[in-house]
Amino acid sequence: MTGPTPKPWIMEIAPYVPGRSTTDDGRKVAKLSSNENPLGTSPHARAAFATAATNLERYPDAGATELRDALAAKHGLDPARIIYGNGSDEVLHLAAGAFAGPGDEVIYVNYGFAVYNIAARRTGATPVIAPDHDYATHVDAILAAVTDRTRVVFVANPNNPTGTYAPRSEIERLHAGLRDDILLVLDHAYAEYIDGTNDDGGMALAERSSNVLVTRTFSKMYGLAAERIGWGYGAAPIIEAMHRIRLPFSITIAGTAAAVAALGDTEFVAETAAHNAKWRTWFAEEIAKLGNAGLRAIPSQANFVLVLFKGQLTAEAAYQGLMDAGYIVRWLPGQGLPHGLRITIGTAQETIGVIAALRTLVGADA
Ligand SMILES: *Cc1c(COP(=O)(O)O)cnc(C)c1O
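This is the structure in structure tokens:
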């Protein structure tokens, strides 16, 4: 029997593999595989979400006015230049969908975020992977990969799964080297985790440029991964084009209420940022102590750390060993990282526990 034929570029997409929550034998364990907030969600967001449950029969506001106004007030932005979507994943898809198609090229860096490949291929465009520089974004390599077919460049900063961060000056240099007709997407899913307060998450660049889109999410720092609220900021013509292909009601009433309440809870954000900074530093120091066993932590500015395994203990064996010990982390052979594990910074207890388990696995305490 024959059926409809999917487009060839759709069949070239390798399905996205999400982080797991249970072990092979179905045990529920500490989930350090999806970069979620270990402190949960702002209590104000929970309360706003619960209140919104009284309103299930109505469609949400397709214009997301409440969300846009809250974001504009918080970040000093023009609300008309804000796009929103079902997680920033949808916003990334809108960017590729509006600006790339068959015959075009979409650039991202080696070990870039997995969604860029899917978002590019979905449009029929060709993904082009620029080499990394020791796991980090390499501006010159991206610029060297540009051709007259390039339409979109995706840069996650900090990057997932490597956690690496390109300084604002490097991003400015990248932007200066790109033609105006190439959309530069700065994916700032982890902007709130960057050390120091002088990084604006690329907003100033988006404010003054005709070809920059900054994307943000409520899934990580704001602890609202379940509610799927992402957004982006860019020049009006970019946003206007993306709106044309946006699903009209992709963000929900309850999710919006939770997001707006979460935005106002600066205490929860400060607490999460402090927790993450403290334990990320501690975690990296502990991995450094296992350097002679071949372990290495890539410097991270996010809420996770990529650990490389070059000694007797392989990443695959560590992945299984951690699972047996009650910790699920992310092993990423499909992203060219068979020798690495991406480990989310969890609660204090989880972070201490995962290090203890790794020390046992390498025989450090024997
Ligand atoms: C988690 C993540 C996102 C998006 O998450 P949403 O939940 O869809 O908002 C986007 N980019 C990167 C690099 C991420 O790690």
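When we follow our numbering, the leftmost residue of the sequence shown carries the number 2, and every step to the right adds one. Every residue gets a Cβ at the ideal spot worked out from N, C-alpha and C, and that includes glycine. None of these values were measured; they are calculated from a predicted model.
- Of the heavy atoms belonging to ligand 1, at least one sits nearer than 7 angstroms to the Cβ of Asp90.
- Ala137 is the residue among Ala137, Asp149, Val154 and Arg152 whose C-alpha sits nearest the C-alpha of Thr165.
- As a beta-bridge residue in DSSP terms, Ile130 pairs with Tyr109.
- Assigned with DSSP and collapsed to three states, Asn87 falls in strand.
- Of the candidates Gly265, Asn87 and Asp133, Asp133 places its Cα closest to the Cα of Gly337.
- Distances from the alpha-carbon of Pro300 to those of Met243, Asp196 and Gly235 put Asp196 closest.
- Its chain contains Ala285, Ile288, Val306 and Val308 as the residues whose beta carbon lies nearer than 6 angstroms to that of Ala298, once the 5 sequence neighbours on both sides are disregarded; these appear in chain order.
- Counting C-beta pairs closer than 8 angstroms gives three or more between the region 183-196 and the region 92-99, which meets the contact rule.
- For the set Ala121, Asn212 and Gly202, the Cα lying nearest the Cα of Glu106 is the one of Ala121.
- Going by beta carbons, Gly231 and Val116 fall outside the 8 angstroms limit.
- Leu187: member of the beta strand (DSSP E) spanning Leu184 to Asp188, first to last residue.
- Taking one beta carbon from each stretch, the region 63-83 and the region 245-256 have 3 or more pairs nearer than 8 angstroms; the two touch.
- Looking at the backbone, the Cα of Ala271 and that of Asn277 are separated by about 10 angstroms.
- By the Cβ test, the region 160-176 is in contact with the region 199-206, since at least three Cβ pairs between them sit closer than 8 angstroms.
- For Phe155, DSSP records a beta bridge to Val186.
- Ranked by Cα distance from Ala227, the first of Asn87, Ala319 and Ile108 is Asn87.
- According to the DSSP assignment, Tyr194 belongs to no alpha helix (DSSP H), since it is labelled neither H nor E.
- A distance below 7 angstroms between beta-carbons, with the five flanking residues on each side excluded, links Ile119 to the following residues of its chain, in chain order: Ile14 and Tyr17.
- Where Thr6 is concerned, there is no enclosing beta strand (DSSP E), because DSSP gives it neither an H nor an E.
- In this structure, Ala146 sits away from Ala157, with a CB-CB distance that is not shorter than 8 angstroms.
- Along the length of the region 26-79, whole alpha helix (DSSP H) runs at least 4 residues long occupy 44-53 and 66-76, reported in chain order.
- Closest option to Gly113, judged by alpha-carbon separation, among Asp135, Gly125, Gly104 and Thr124: Asp135.
- Taking every protein chain shown into account, the CB of Arg150 has fewer than 16 other CB atoms within 10 angstroms, so this residue is exposed.
- Val330 sits close to Ile344, with the two beta carbons spaced by under 8 angstroms.
- If you check the C-beta of Lys32 against ligand 1, you find no heavy atom less than 7 angstroms away.
- In the three-state DSSP reduction, Gly322 falls in the helix class (H, G or I).
- Between ligand 1 and the CB of Asn277, the shortest heavy atom gap is not smaller than 7 angstroms.
- The alpha helix (DSSP H) runs of length 4 or more contained entirely in the region 198-259 are, from start to end of the chain, 204-209 and 237-246.
- Remark: three or more beta-carbon pairs, one from each stretch, lie closer than 8 angstroms, so the region 68-79 and the region 259-275 are flagged as touching.
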